[in-house]
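Colleague: Take the sequence shown: its position 101, counting from 1, is numbered 101 in full-length UniProt numbering, and each next residue is one higher.
Glycine included, C-beta positions come from ideal geometry on N, C-alpha and C.
Structure provided below as structure tokens; questions to follow.
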Amino acid sequence: MEATHQINSKDYVKLMFSLAYRKPVFIFLFLSGFFLVFKLIDSIATGKFMYLELSTRYFIVMMIIYIFIISPLMLFIRFRNAFKTNKGIGEKVTTTITSESIKHSAESYISEIEWNVIHKIRELKSWFLFYHNNISFGFLPKKDLSEEQILELRTLIGNSGVKAKLLKS
1 MEATHQINSK
11 DYVKLMFSLA
21 YRKPVFIFLF
31 LSGFFLVFKL
41 IDSIATGKFM
51 YLELSTRYFI
61 VMMIIYIFII
71 SPLMLFIRFR
81 NAFKTNKGIG
91 EKVTTTITSE
101 SIKHSAESYI
111 SEIEWNVIHK
121 IRELKSWFLF
131 YHNNISFGFL
141 PKKDLSEEQI
151 LELRTLIGNS
161 GVKAKLLKS
């Protein structure tokens, strides 16, 4: 199976955000943020906000600003800069997948990895992620694949013996 893809900065940032906000620490952070917003609204509505210590009021407001504005902005800048500094991410890539290996060919690199070296595979709504270890991964956007190619890729993944988390078709 062969597919050609080229991702842009927007797609890369969306992918990285979706992966970041699946982590338990970010889920906890956002749940804490929503709790703080609820407590802030409740204390303002009941008139208790002005009776809180000044440091407590500042803490609540600053945590809400950090959780919902600063943290996502820092991640956005980090992901955008990662895309800009790694020219290989935005190149046009031809991916060839066989029963033995996955080969990525681009203008500046050629990478071939055998199935037995892949740590795990995750299928997301719009992506296939091929993890080399717990952190680093290669990707293949589904938007550049036909339905037949997606089914063929799922079959190849199923036959590879690699731990995979695939979506139901």
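If you measure between the beta carbons of H132 and I118, is that distance less than 8 Å?
Modeller: It is a contact, given that the beta carbons lie within the stated cut-off.
Colleague: State the DSSP-derived secondary structure class of R122, mapped to helix, strand or coil.
Modeller: Strand at R122.
Colleague: Exposed or buried, what is V61 when buried is set at 16 or more other beta-carbons lying within 10 Å of its beta-carbon?
Modeller: The residue is exposed, with fewer than 16 neighbouring Cβ atoms inside 10 Å.
Colleague: Taking the Cβ atom as the reference point for each residue, do G33 and I64 lie within a distance shorter than 8 Å?
Modeller: For G33 and I64, yes; Cβs fall inside 8 Å.
Colleague: What's the gap between the Cα of T4 and the Cα of L15?
Modeller: If you take the alpha carbons of T4 and L15, they lie about 18 Å apart.
Colleague: Select from K168, I97, I7 the residue whose C-alpha is nearest the C-alpha of E152.
Modeller: Among K168, I97, I7, the Cα nearest to that of E152 belongs to I97.
Colleague: Within its chain, find whatever has a CB closer than 6 Å to the CB of I102; leave out the 5 residues flanking it on each side and keep chain order.
Modeller: I113.
Colleague: Would you kindly check if the distance between the Cβ of K92 and the Cβ of Q6 is under 8 Å?
Modeller: Against a cut-off of 8 Å, the Cβ pair of K92 and Q6 comes out as a contact.
Colleague: Counting only runs that start and end within the region 49–122, where is the beta strand (DSSP E) found for 3 or more residues in a row?
Modeller: With a minimum length of 3 residues, the continuous beta strand (DSSP E) runs that stay inside the region 49–122 are 93–97, 101–105, 110–114.
Colleague: Going by beta-carbon coordinates alone, are F128 and K142 separated by less than 8 Å?
Modeller: Closer than 8 Å, so yes.
Colleague: Pull up the distance between the alpha-carbon of D144 and that of K10, whole angstroms please.
Modeller: Rounded to whole angstroms, D144 to K10 spans 16 Å at the Cα level.
Colleague: Just curious, the alpha helix (DSSP H) that L36 is in, first and last residue?
Modeller: Per DSSP, L36 belongs to the alpha helix (DSSP H) from 24–45.
Colleague: Pull up the DSSP beta-bridge partners for F139, would you.
Modeller: Paired residue(s): L129.
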